[in-house]
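Trainee: I am attaching a structure below and will ask some questions about it afterwards.
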Amino acid sequence: MREQFFHLMYSFIIGDQMSLPHSDDLYKHVAQPPPDFSKVPPLFRSTPLIRHHNASKPRLIKESTITKPQNNTKHSSLKLSSSKPIPTFTKQPTFDTSELTKLLGEIMEEKLQQLKKDEIERTEVIGANQVLVNPVQNELKKELEKVESELKLNNEKIKNVEMEKQSILFENESLKNQLNVLKRTVETTNGNWEMEKQMNANAQNKIQELLETIQSLNKQNQFLQSELEKTEDKLIHSEKERRKLHNEVMELKGNVRVFCRVRPPLKNEGISVGVTGDNAVIVNSINFSGKKEKIKFGFDRAFDSDSTQQDVFEEISQLVQSSLDGYQTCIFAYGQTGSGKTYTMEGTNDKPGMIPLTVHKIFTAIEELKTLGWQFKISVKYVEIYNNNIFDLLVNEEESKKLQIKYNGPLVILPEANVIEVSEAEEVDHLINIATRNRAVAATKCNAQSSRSHSIFMMDLCGRNIGSNEQRFGGLTLVDLAGSERLDESGAKGERLEETKNINKSLSALGDVIVAIANKDSHIPYRNSKLTELLQNCLGSDSKTLMFVNISSDQQDTLETISSLRFATKVNTCVIGTAKRHVQ
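Okay, so the sequence shown: first residue is 1 according to full-length UniProt numbering, each after it adds one.
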């Protein structure tokens, strides 16, 4: 009985599954390694046993090996140390069973406590895992919903792309049809072009360029439509830059510029003048030996007889703009009587001349400058020089009196002249009409409506920028000189003769001043006539000056035409220096 109990306890200690319940029943809830044999009581360790006898000396019992149980259970891997064999007893040992029972109870209690502890730990681990898993699951759920939403949005985008694709395909098909039509057109054109290839070799290259241009324009048509507004802005900016650069060139040049304008023929006796290119005038004449010759004159610009008022004004508009930039500018017309000076400067109601066109140009520019913070005050004077005396054209004849020239430092002024402030172009037009009626005009053999005086229109411009507080002081002087006449051809007598003498004298004085400037003389005879004295500001180094030389194309006026062109050539050689800009 004792031996059976011993084996039962030993089997429990070492995990003999043949004698005890299956170990899975003990460890099915806890993942725990097999029992530690170090906890086996010494009583059951494989050490030599001592049996006690009544004899005085104990006797050793020999050790024997215990064969490891052969089984395939989970704990079959547990082994006893081969160096410590399990003892077998040849005789029944004597021990206290109560101690063994107590020990067994303690071991069982310890095992149960360990199982409970492991169960608690497992429950805590499961709870902790659940706490960690729930947020992850929620996050994954949100992510899934987000992905589903994006998927839905992408599906809609795909549908839109498909629709756009279909639209593009349809448009592409339409373009292909158009291309086929164009190809057929090009083929037809090429066929016709080939037929004429031998007739005109130069036209071949031109047609090819045009065909390539047409194809390129057809392909870029839609793009150009959308870019049209931007292109227009760029063109406007480029035009402003061009004008700015041109103004700088004029400043660096510093010469009095000369434009020539040819009047259409009035008689059918033949034409003696022609214009070649943009700046050359050819005069057909007969020299002193009776031989025909061609005399060529070159100017900054030449206008043929078919040029319009607008064509001429386009060339001087840049100079007009300079007056708004703070420069003193002057434009005057020179030529024999009847050559078209007054028409060029004043014009008619349906074909306005340089003076009214200039006025409207200035007021248009002022409106544009308002957007940049500029404000301008404009005042005008209009006088004439008749028989070497200065009169105001903006007052009635009864109130008119001779005006005296005064000097404000180097500047020439007319303090007694009537100065009228204007705010719009129409006011100036009205003043011009008054001055035209008051100007001295009479008939001569050379011209039925010959101007017997020099008219001078003066406009002062004072501008201030509200933002930068910059100030500009510009001026514009427009002069219509009386026509020069030969005394023997004019048929002038009495008062007309005196007028002609004074006109020719003042024009001669103007020629002397021009020659002195061209020769860089130390003394310039400005005071030889009222005309040159009053134009001193314009011919000085502070201004930009342009002269129109008006000539007749009639053959009978050839000598006067050559004389005027030679005078204009002399003027064109004058260097008056770089114009100064008046700003503060």
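Using N, Cα and C, we set each Cβ at its ideal position, and we do this for glycine too. These figures come from a predicted structure and were not determined experimentally.
Classify Thr-477 as buried or exposed, calling it buried when 16 or more other Cβ atoms lie within 10 Å of its own Cβ.
Mentor: For this step, residue 477 is matched to residue 477 along the sequence shown. Counting Cβ neighbours within 10 Å, Thr-477 comes out buried, since at least 16 surround it.
Trainee: Would you mind sorting residue 627 into buried or exposed? The rule is 16 or more other CB atoms within 10 Å of its CB.
Mentor: Lying outside 1 to 584, the shown extent of the chain, residue 627 is not represented and no answer is given.
Trainee: Please report the residue range of the beta strand (DSSP E) in which Gln-328 lies.
Mentor: Position 328 of the sequence shown, counted from the first residue, corresponds to residue 328. 328–335 is the extent of the beta strand (DSSP E) around Gln-328.
Trainee: So, does the segment 276–286 touch the segment 294–303, judging by three or more C-beta pairs under 8 Å?
Mentor: yes
Trainee: Assuming Val-395 and Leu-534 make a contact with CB atoms under 8 Å, what is their CB distance in whole Å?
Mentor: Within the sequence shown, the letter at position 395 stands for residue 395. Within the sequence shown, the letter at position 534 stands for residue 534. Val-395 to Leu-534, Cβ: 18 Å. No contact.
Trainee: Taking 8 Å as the limit between beta carbons, can you name the residues of its chain near residue 626, skipping five residues before and five after?
Mentor: Since the first residue of the chain shown is 1 and the last is 584, residue 626 is not available in this structure.
Trainee: Helix, strand or coil, according to DSSP, for Gln-220 in the structure here?
Mentor: If you number the sequence shown from 1, residue 220 lands on position 220. Here Gln-220 sits in coil by DSSP.
Trainee: For the alpha helix (DSSP H) containing Leu-369, list its first residue and its last residue.
Mentor: For the purposes of this step, residue 369 is identified with residue 369 of the sequence shown, where counting begins at 1. 354–370 is the extent of the alpha helix (DSSP H) around Leu-369.
Trainee: In whole angstroms, give me the CA-to-CA distance for Ile-214 and Gln-208.
Mentor: Working through the sequence shown from its first residue, we reach residue 214 at position 214. Working through the sequence shown from its first residue, we reach residue 208 at position 208. Roughly 10 Å between the two C-alpha positions.
Trainee: Let me know the secondary structure DSSP gives Met-163 once reduced to three states.
Mentor: For the purposes of this step, residue 163 is taken as the residue at position 163 of the sequence shown. In this structure, Met-163 counts as helix in the three-state DSSP scheme.
Trainee: What's the C-alpha gap between Phe-259 and Val-312?
Mentor: Taking the sequence shown and counting its residues from 1, one reaches residue 259 at position 259. Taking the sequence shown and counting its residues from 1, one reaches residue 312 at position 312. C-alpha separation (whole angstroms): 9 Å.
Trainee: Are the beta-carbon atoms of Leu-245 and Asn-218 separated by less than 8 Å?
Mentor: Counted from its first residue, the sequence shown places residue 245 at position 245. Counted from its first residue, the sequence shown places residue 218 at position 218. Cβ distance not < 8 Å, so Leu-245 and Asn-218 don't count as in contact.
Trainee: Among Asn-519, Asn-550, Leu-510, Ser-543, which has the Cα closest to the Cα of Leu-531?
Mentor: Looking up residue 531 in the sequence shown gives position 531. Among Asn-519, Asn-550, Leu-510, Ser-543, the Cα nearest to that of Leu-531 is on Leu-510.
Trainee: I'd like the span of the beta strand (DSSP E) that includes Gly-274, first residue to last.
Mentor: Translated into the one-based positions of the sequence shown, residue 274 becomes position 274. Run containing Gly-274: 273–276, per the beta strand (DSSP E) assignment.
Trainee: Starting from Cys-574, follow the beta strand (DSSP E) in both directions and report where the run begins and ends.
Mentor: Residue numbering aside, residue 574 sits at position 574 when the sequence shown is read from its first letter. Judged by DSSP secondary structure, Cys-574 falls outside any beta strand (DSSP E); it is assigned neither H nor E.
Trainee: Across which residues does DSSP place Thr-477 in a beta bridge pair?
Mentor: Translated into the one-based positions of the sequence shown, residue 477 becomes position 477. DSSP lists Cys-330, Met-458 as partners of Thr-477.
Trainee: What does a CB cutoff of less than 7 Å around Pro-21 pick up in its chain, not counting 5 residues either side in sequence?
Mentor: For the purposes of this step, residue 21 is taken as residue 21 along the sequence shown, with counting starting at 1. Reliability fails at Pro-21, whose pLDDT of 45 lies under 50, so the model's placement of it is uncertain and no value is given.
Trainee: Per DSSP, what kind of secondary structure is Lys-291 in: helix, strand or coil?
Mentor: Reading the sequence shown from its first residue, position 291 is the one you call residue 291. Correct three-state label for Lys-291: coil.
Trainee: Kindly identify the DSSP beta-bridge partner or partners of Glu-397.
Mentor: To locate residue 397, count along the sequence shown from 1; it is residue 397. DSSP lists no partner for Glu-397.
Trainee: What residues are listed by DSSP as bridge partners for Met-195?
Mentor: Within the sequence shown, the letter at position 195 stands for residue 195. DSSP, once it has assigned bridges, lists no residue as partnering Met-195.
Trainee: Around the Cβ of Gly-326, are there at least 16 other Cβ atoms within 10 angstroms (buried) or fewer (exposed)?
Mentor: Within the sequence shown, numbered from 1, the residue matching residue 326 stands at position 326. Buried, by the Cβ-count rule.
Trainee: Restricting to runs no shorter than 3 residues, where is the beta strand (DSSP E) found entirely within the segment 298–331?
Mentor: 301–303
Trainee: Mind checking whether Tyr-334 and Leu-565 have CB atoms under 8 Å apart?
Mentor: Position 334 of the sequence shown, counting from 1, holds the residue named residue 334. Position 565 of the sequence shown, counting from 1, holds the residue named residue 565. No, the Cβ-Cβ distance between Tyr-334 and Leu-565 is not below 8 Å.
Trainee: Classify Ser-529 as buried or exposed, calling it buried when 16 or more other Cβ atoms lie within 10 Å of its own Cβ.
Mentor: Looking up residue 529 in the sequence shown gives position 529. Buried, by the Cβ-count rule.
Trainee: Between Ile-271 and Ser-468, which are expected to be in contact by the criterion C-beta below 8 Å, what is the C-beta distance as a whole number of angstroms?
Mentor: For the purposes of this step, residue 271 is taken as residue 271 along the sequence shown, with counting starting at 1. For the purposes of this step, residue 468 is taken as residue 468 along the sequence shown, with counting starting at 1. Not really, about 55 Å apart at Cβ, beyond 8 Å.
Trainee: Among all the DSSP beta bridges, which residues are the ones paired with Phe-376?
Mentor: Within the sequence shown, numbered from 1, the residue matching residue 376 stands at position 376. Beta-bridge pairing links Phe-376 to Gly-463.
Trainee: Check whether the segment 360–378 touches the segment 400–410, counting contact only when three or more Cβ pairs, one atom from each stretch, lie closer than 8 Å.
Mentor: The way I'd put it, the segment 360–378 doesn't touch the segment 400–410; fewer than three beta-carbon pairs between them come closer than 8 Å.
Trainee: Tell me the rounded alpha-carbon separation between Val-262 and Asn-172.
Mentor: As a position in the sequence shown, residue 262 is number 262, starting the count at 1. As a position in the sequence shown, residue 172 is number 172, starting the count at 1. CA-CA distance, Val-262 to Asn-172, rounds to 58 Å.
Trainee: Which residues mark the beginning and the end of the alpha helix (DSSP H) in which Ile-405 is found?
Mentor: Locating residue 405 in the sequence shown gives position 405, where the first residue counts as 1. Run containing Ile-405: none; DSSP gives neither H nor E here.
Trainee: Note down the Cα distance separating Arg-452 from Phe-297, rounded to an integer number of angstroms.
Mentor: The residue you call residue 452 lines up with position 452 of the sequence shown. The residue you call residue 297 lines up with position 297 of the sequence shown. When rounded, the distance between both Cα atoms is 29 Å.
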